[in-house]
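K.L.:
Below is a structure I'd like to ask you about.
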Amino acid sequence: MSEEVFIKQYFKDIQTALYEFSKSPSCSPMYWEWLSDAAHRPLCISDANNFLLGCILDIRASSQDTWDNCAFFIEEVLSSPENVFAVIAEYTQAEWEAEFDAYGLHPERLVHMRVHLIARSIMRQYRGDGRLLWELEPTTPREVFKRLRMLGFSNTGATMVIGALKDEKYLFGPFDLVSDAAVTRVVSRIFTGTDALLSADEVIHAGRYLHQPDPWALDRPFSALSRMACRKKAECNACPLMNICVYPNEYPFSGDEILMVALGTVTHQMLLSDWLHHDVHT
Ligand code: SF4
3 MSEEVFIKQY
13 FKDIQTALYE
23 FSKSPSCSPM
33 YWEWLSDAAH
43 RPLCISDANN
53 FLLGCILDIR
63 ASSQDTWDNC
73 AFFIEEVLSS
83 PENVFAVIAE
93 YTQAEWEAEF
103 DAYGLHPERL
113 VHMRVHLIAR
123 SIMRQYRGDG
133 RLLWELEPTT
143 PREVFKRLRM
153 LGFSNTGATM
163 VIGALKDEKY
173 LFGPFDLVSD
183 AAVTRVVSRI
193 FTGTDALLSA
203 DEVIHAGRYL
213 HQPDPWALDR
223 PFSALSRMAC
233 RKKAECNACP
243 LMNICVYPNE
253 YPFSGDEILM
263 VALGTVTHQM
273 LLSDWLHHDV
283 HT
């Protein structure tokens, strides 16, 4: 067998293992406050905006405390307003900043202030209706992601919104892997066999190579692997890819050869501004 055939077989085995793993309970869809309960029926403005507020605050990816805090703030502090962003946008910047300790929405002042900034932008650009972020044409996940990032959502927050909307069938179509630290670590080890990190663009292309129809489908298995085994210090013995992944195993090819076969010419890291305007589906 030639090296290239070996490497293609390697990725077939990885794909099969990821597919099997994606059906395990570790990869079950998440429950999204205000969104999952409304799934399969028209979403009201208040549920959409409450959900978006949770995603702005949850920069650590699904911390239950953050969502509980958010619910407490909306229900107890603001008495469940019809439009949480309208209430927040009425504060001046200084007034909102002064409530940092009292509201305790998030330990980081920057995130507290981001809430105000995004609330005002949603009021101004989307008439206070967060649903328009994904209901206005074009309604592709990539377009919605761009809108969220332009509003000031963090990479993690915007990714979370897209993932949840796709899970709950409010948004359809393929979406690339988003190279947060956890996904990048797992993908890099599978593709290079080392701890050297791939660039954001390479992670996108790696996702397409592994699952062209919808690379995003790999986000949940990769995120789960990063939590259960592929941590900063890899615990390969606890990983379902243990017998396949090039990181703990000896193969007759190198990480560089894998990259060349799977990704072709090594790509460059793009700046966010380039990436936002770059049609990555070309
Ligand atoms: S086998 Fe090890 S390096 Fe490979 S994905 Fe699993 S934990 Fe990460």
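Numbers given in this note's numbering equal positions in the sequence shown, counted from 1, plus 2.
Beta carbons: idealized from backbone N, C-alpha and C, even for Gly.
1. Can you look up residue 271 in the DSSP assignment and give me helix, strand or coil?
2. Counting by C-beta, which residues lie closer than 7 Å to a heavy atom of the ligand SF4, in chain order?
3. Please return the same chain residues whose Cβ sits closer than 7 Å to the Cβ of residue 58, not counting the five positions on each side in sequence.
4. Give me, in chain order, the residues of the same chain whose beta-carbon lies closer than 6 Å to that of residue 128; leave out the 5 immediate sequence neighbours on both sides.
5. Tell me whether the beta-carbon of residue 265 lies closer than 9 Å to the beta-carbon of residue 207.
6. If you draw a straight line from the alpha carbon of residue 49 to that of residue 219, how long is it in whole angstroms?
7. Since residue 264 is in the alpha helix (DSSP H), which residue starts that stretch and which ends it?
8. Pick helix, strand or coil for residue 102, following the three-state DSSP scheme.
9. Do you know offhand how far residue 262's Cα is from residue 176's?
10. Quick one: what's got a C-beta closer than 8 Å to residue 16's C-beta in the same chain, skipping five residues either side?
11. Taking contact to mean at least 3 C-beta pairs separated by less than 8 Å, is the stretch 165-181 in contact with the stretch 246-260?
P.N.:
So, from the data block:
1. Note that residue 271 scores a pLDDT of 41, beneath 50, so its modelled location is shaky; the value from the coordinates is reported in the next line. Here residue 271 sits in coil by DSSP.
2. 188, 191, 192, 227, 231, 232, 236, 237, 238, 241, 243, 244, 247, 249 and 250
3. 116, 117, 120, 155 and 159
4. 134
5. yes
6. 25 Å
7. 257-265
8. helix
9. 25 Å
10. 192, 212, 243, 246 and 247
11. no
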